[in-house]
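What follows is a short report on a single structure.
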Amino acid sequence: TKEDATVLAQKFGFSGEPRKEGFDPPAYYAFTWDNNKEFFQVSGGSGTGGFEYYIKGQALNGKAPSDNEAIDKARTYLMQKGIIDDSYVASGILYNVSSVEKRSGFNEDHKQVYFRKKLEGYPVYDWTKGEGSPITDKLDIWVGVDGRIIYVANESYWTTVELNNKADYSVREPSSVFEDIKNGKGKLAWIDYDAINIASGGHGPSAPVGNFTLHGKLTNVVVEDVQLAYYHEAKGVDEPEYYQPIYLFKAQATLDWKDDYAVSYEGDKFIQGKRTSVTMVAPAISDNYFFETPVTLTGDSGNTSLTLTPSPIASPTSQPGKQTFLLKLGVTKDLDDPKRSVYLDWSEVPGTIKYNVYLKIAGDKDYNQTPIDATGFLSDNIGVNKYISYYFKVQACSSVDNCIESNEVFLPQEQKQTTFLLKLGVTTPQQDPKVNVFLNWSEVPGTVKYNIYLRNSQSEEYNAALASTGSPGYTAGVNIHNDNYFIVKACSSADSCISSNEVFFPKQ
171 TKEDATVLAQ KFGFSGEPRK EGFDPPAYYA FTWDNNKEFF QVSGGSGTGG
221 FEYYIKGQAL NGKAPSDNEA IDKARTYLMQ KGIIDDSYVA SGILYNVSSV
271 EKRSGFNEDH KQVYFRKKLE GYPVYDWTKG EGSPITDKLD IWVGVDGRII
321 YVANESYWTT VELNNKADYS VREPSSVFED IKNGKGKLAW IDYDAINIAS
371 GGHGPSAPVG NFTLHGKLTN VVVEDVQLAY YHEAKGVDEP EYYQPIYLFK
421 AQATLDWKDD YAVSYEGDKF IQGKRTSVTM VAPAISDNYF FETPVTLTGD
471 SGNTSLTLTP SPIASPTSQP GKQTFLLKLG VTKDLDDPKR SVYLDWSEVP
521 GTIKYNVYLK IAGDKDYNQT PIDATGFLSD NIGVNKYISY YFKVQACSSV
571 DNCIESNEVF LPQEQKQTTF LLKLGVTTPQ QDPKVNVFLN WSEVPGTVKY
621 NIYLRNSQSE EYNAALASTG SPGYTAGVNI HNDNYFIVKA CSSADSCISS
671 NEVFFPKQ
């Protein structure tokens, strides 16, 4: 309403009557405040709405602040105006990717900071009916020279999601949910087009484009990570909406076309056979499939060329008949970086002398032979590295030779906040068992050298640098029979380095 828009405008220092544009709700409409120094507009329609703010005038000479300073400036500004609270996290930062020069009258060196809402510690995603990709980083704020705020926008500031009425749901196991995806009950949310040289404007993975939405399929899928999140589907002003749990399956996959699709367009020909990162989503609760265009993982006759190596959703290693007690994953607490503790608890097994707790790193074939702890209690706190994914199981032993196993639980890794992007490029087979893997990454201004690090799935930590280079690119030789992980550190001095994201090259 006009009253809602006026209250929001006042937070940005605007007063007086706005200019009305468009139609009446629920059709598109807008309220605009505009003067010589600033612009503010609230727009809406079909049950949601957003706002846009920018300053006008002359650009300041100089450089935008560092990433950390830009995030601090942006967070302080938004919290002071009551736009965000502590449930929001800075989810990304870009450098001079976009411009509003035609409207503001100037183009200034700036950092674009994105914020994402979390609910109970889980990221929140919003779908608009008919849209291909969820909206996650809705809040965009630009920090210019001297830390001044030059632009703020949130395309979905208002929502009709009901947060007061709550219900408990039984969350399904990821393995059964992935079976649903294979049977056409899921959605392809994101494709990393940048990795196959299709520009996304610097914004990273995005929804399937063009014909791929309807006619594409994925083959040779390698699931690398599974995460829980919340979603809601924007439906309109007359229908209540709620946050509901979903799984995000992050994978490597080859892009292909359904057999009944005639590939003639040059862009479609280019996409075919390209391998890249994808994210598939599906409800984590039973019988709630909200997707209009499901992802296709199958070829003809329902057959699938699905590979789960390594698979965070693999079947438990113990036999189903021996799983007579329930292991649950509890609260995780951050300790000194990169450590955290995870709380495990399980149901009692009468006659048990001790419970042995076992750990496996995601990507490893087997659990550690030696338990990481043994206890007579029905719970335990385990210390782990928060940037690595783990599996846990517990054995209840009534004697040395008589033990039964719990189910298996999965603890996904936290994502490090990074300031530059590392990608896997082409691979070139060498004399067995060697293969060359090309790594490339975005340039970090001020870097003296880039250090490349390699680890395999048997080690939790990266050791000494594999190599150093002054350019954003390197070809690493690895053993194709190992799972290999890479990170790159951009160092401006011996004591000042920042890390890229981690990329994974599976054994062949």
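Each residue of the sequence shown is one higher than the one before, counting from 171 in this note's numbering. For glycine and all other residues, C-beta sits at the position ideal for the given N, C-alpha and C. Since the structure is predicted, the reported quantities are computational estimates derived from the model, not experimental observations.
{"Query": "At a threshold of 6 Å, does S434 count as lining the ligand NAP (C-beta to nearest heavy atom)?", "Result": "This structure simply doesn't include the ligand NAP, nor any ligand for that matter."}
{"Query": "Is L384 buried or exposed, if buried means 16 or more other CB atoms sit within 10 Å of its CB?", "Result": "exposed"}
{"Query": "Going along the chain, which unbroken runs of the beta strand (DSSP E) with 3 or more residues stay wholly within the segment 498-543?", "Result": "509-516 and 524-531"}
{"Query": "By the 10 Å Cβ neighbour count, where 16 or more other Cβ atoms means buried, how is E191 classified, buried or exposed?", "Result": "exposed"}
{"Query": "Just the C-alpha distance for S569 and P541, rounded to the nearest angstrom, thanks.", "Result": "15 Å"}
{"Query": "Excluding the 5 residues flanking G491 on each side, which residues of the same chain have their C-beta closer than 8 Å to its C-beta?", "Result": "Caution applies to G491, whose pLDDT of 36 falls short of 50 and renders its modelled position unreliable; the value that the coordinates give is listed next. None."}
{"Query": "What is the DSSP secondary structure of V267, reduced to helix, strand or coil?", "Result": "coil"}
{"Query": "With a CB to CB cut of under 6 Å and the five nearest residues on each side skipped, what residues in its chain are close to F209?", "Result": "Y224"}
{"Query": "Straight-line CA distance for A323 to A452?", "Result": "29 Å"}
{"Query": "Using 8 Å as the threshold, is the segment 441-450 in touch with the segment 349-363, meaning 3 or more CB pairs across them?", "Result": "yes"}
{"Query": "Rounded to the nearest angstrom, how far is the Cβ of E392 from that of P676, given a contact under 8 Å?", "Result": "According to the sequence as given, residue 392 is Val; it is not Glu. Contact holds; Cβ gap of about 6 Å."}
{"Query": "Measuring alpha carbon to alpha carbon, tell me which of Y412, K444 and G386 ends up nearest A432.", "Result": "G386"}
{"Query": "With a cut-off of 8 Å on the beta carbons, I'd call L467 and T446 a contact; round off their distance for me.", "Result": "Going by Cβ atoms, the distance from L467 to T446 rounds to 15 Å, so no, they are not a contact pair."}
{"Query": "Report back the beta-carbon spacing between Y125 and T639 to the nearest angstrom; my notes put them in contact at under 8 Å.", "Result": "With the chain covering only 171 through 678, there is no way to say anything about residue 125."}
{"Query": "Tell me R318's beta-bridge partners as DSSP assigns them.", "Result": "None, per the DSSP bridge assignment."}
{"Query": "Can you tell me whether P520 is buried or exposed, with buried defined as 16 or more other CB within 10 angstroms of its CB?", "Result": "exposed"}
{"Query": "With a threshold of 8 Å on Cβ separation, who are the neighbours of L505 within its own chain once the five nearest residues in sequence on each side are excluded?", "Result": "S511 and G553"}
{"Query": "By Cβ distance, which residues of its chain are closer than 7 Å to A234, with the 5 residues on each side in sequence left out?", "Result": "A240, D279, H280, K281, V313, G314 and V315"}
{"Query": "Within 10 angstroms of the Cβ of S666, are there 16 or more other Cβ atoms? Answer buried if so, exposed if not.", "Result": "exposed"}
{"Query": "Do you know offhand how far A399's Cα is from Y292's?", "Result": "5 Å"}
{"Query": "Distance check for D438 and K207, CA to CA, integer angstroms please.", "Result": "46 Å"}
{"Query": "Does DSSP classify F114 as helix, strand or coil?", "Result": "No information on residue 114 is available, as it lies outside the stretch 171 to 678 that the chain covers here."}
{"Query": "Excluding the 5 residues flanking V673 on each side, which residues of the same chain have their C-beta closer than 6 Å to its C-beta?", "Result": "L592, L594 and F656"}
{"Query": "Per the DSSP calculation, Q414 is bridged to which residue(s)?", "Result": "Y401"}
{"Query": "By a C-beta neighbour count over all protein chains shown, 10 Å radius and 16 as the cutoff for buried, is S669 buried or exposed?", "Result": "buried"}
{"Query": "Would you mind stating whether Y417 and H402 have Cβ atoms separated by less than 7 Å?", "Result": "no"}
{"Query": "I'd like the span of the beta strand (DSSP E) that includes K352, first residue to last.", "Result": "Counting along the chain, K352 falls outside any beta strand (DSSP E), though it belongs to the alpha helix (DSSP H) covering P344 to K352."}
{"Query": "For the beta strand (DSSP E) containing N626, list its first residue and its last residue.", "Result": "K619 to N626"}
{"Query": "Can you tell me which of the three DSSP states I254 falls into?", "Result": "coil"}
{"Query": "Thinking L248 and I311 are a contact (beta carbons under 8 Å), I'd like their distance in whole angstroms, please.", "Result": "6 Å"}
{"Query": "Are V267 and K357 closer than 7 Å when you measure CB to CB?", "Result": "no"}
{"Query": "Confirm, please, whether the CB-CB distance from F580 to V596 is below 7 Å.", "Result": "no"}
{"Query": "If I measure Cβ to Cβ from T545 and keep anything under 6 Å in the same chain, skipping five residues before and after, which residues do I get?", "Result": "Y525"}
{"Query": "So, helix, strand or coil for G275, using DSSP?", "Result": "coil"}
{"Query": "Comparing C-alpha positions only, which one of A660, G214, L514 and S456 sits nearest to Y339?", "Result": "S456"}
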